[in-house]
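Below is one structure, written out as structure tokens; comments come after it.
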Amino acid sequence: DKPAAAAPFKMVLHSDIDLLNPPKDLEAKQHKRKRLVQSPNSFFMDVKCQGCFNITTVFSHSQTVVLCGSCSAVLCTPTGGKARLTEGTSFRRKAD
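Going by the working numbering, the residue at position 88 of the sequence shown is 598; the numbering climbs one at a time, nothing skipped.
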């Protein structure tokens, strides 16, 4: 009775990566200052209220509670990092 072998995983060595054209998934995992081209993790997004379907622009790392302009419903609440959207609200990342 041998224990089941662990699933084989692909080990990526630093010497196996093309440093000028790194894979997108590897770039996304890296710290914002360690990427090939520095870019922030934060973004602006359009949030649609679940009650009145009004669209409000919200910062992804908002540090205050964001309310809907017309019905005063809570759209998102702050956490330590990214803001947490209220259940039922939908969002779309704003274009650059």
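No residue lacks a Cβ here, since even glycine has one placed at the ideal position from N, Cα and C.
Taking one beta carbon from each stretch, the region 567-575 and the region 585-598 have 3 or more pairs nearer than 8 Å; the two touch.
Excluding sequence positions up to five before and after residue 599, its CB lies within less than 7 Å of the CB of 557, 558, 559, 560, 585, all in the same chain and listed in chain order.
Within the same chain, Cβ atoms closer than 6 Å to the Cβ of residue 552 are found at 570, 571, the five residues on either side in sequence being excluded. Residue 562 holds the alpha-carbon nearest to the alpha-carbon of residue 582 among 597, 568, 562, 601. Under the three-state reduction of DSSP output, residue 529 falls in the coil class, being neither helix nor strand.
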